[in-house]
């Protein structure tokens with residue numbers, strides 16, 4: 011059953027249809043929010059808030075076929091608001107740790123296990139400015155099209171393309187600074 015069918019059932023009073031939407035989208039939305047925020051606890055909270063907001067506003071969704079884009083937009087807005095409100099206390103130790111090169115044994119991506127590689131990629135993503143990070147995550151991890159990303163972020167299409175270009179360029183620079191071979195990424 012498609013997302014649109016589930017939404018129509020929900021609107022017809024079958025509220026359990028929303029549970030199916032949550033079940034279908036919770037993993038992808040959580041991964042998106044985690045890569046955006048960089049914190050698993052915050053990601054769980056923001057993901058839950060996204061579904062609560064979607065539940066309350068589902069009657070306002072004009073085109074049920076665009077549910078996924080709409081849901082990502084809700085999550086991106088909540089993440090953006092949360093990151094603005096979060097007070098960051100960065101100690102000198104944390105700054106030095108973030109800028110240190112990975113252990114030499116980790117320098118070839120092909121030699122890393124999946125957990126190490128995922129952690130390293132997430133660490134590199136967190137070095138990007140927010141507007142680049144969200145575009146990279148939506149395009150490269152979530153597989154959204156440029157048009158969909160532009161809708162989610164309410165940004166011009168060329169702006170989205172530019173942010174992706176500069177975000178990927180910055181990631182390459184980070185990997186080079188860390189002496190990481192990109193071939194295995």
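Residue numbers (this note's numbering): 11 to 195.
For each residue, glycine too, the CB sits at the ideal point set by N, CA and C.
What you are looking at is a predicted structure, and each value in this text was computed from that prediction instead of being measured.
Contact under 7 Å by Cβ, residue i with residue j
i           : j           : result
residue 167 : residue 160 : yes
residue 144 : residue 82  : no
residue 27  : residue 16  : yes
residue 142 : residue 176 : yes
residue 43  : residue 61  : no
residue 80  : residue 71  : yes
residue 75  : residue 22  : no
residue 156 : residue 170 : yes
residue 45  : residue 147 : yes
residue 149 : residue 174 : yes
Residue span of the alpha helix (DSSP H) that contains residue i, given as start and end
i           : result
residue 35  : 26 to 47
residue 177 : 167 to 187
residue 22  : Taken as a continuous stretch (DSSP letters only), residue 22 belongs to no alpha helix (DSSP H), as it is neither H nor E.
residue 164 : That residue, residue 164, is in no alpha helix (DSSP H); it is neither H nor E in DSSP.
residue 155 : Looking at the DSSP string, residue 155 is not in any alpha helix (DSSP H), and its letter there is neither H nor E.
residue 55  : 50 to 67
residue 79  : 77 to 95
residue 129 : 124 to 135
residue 145 : 140 to 146
Would you check if the region 87 to 94 and the region 47 to 62 touch, i.e. whether three or more CB-CB distances between them fall below 8 Å?
Here the region 47 to 62 makes contact with the region 87 to 94; the two share three or more CB pairs at distances below 8 Å.
I'd like to know if the region 181 to 189 and the region 123 to 135 are in contact, where contact means that at least 3 CB-CB pairs between them fall below 8 Å.
yes
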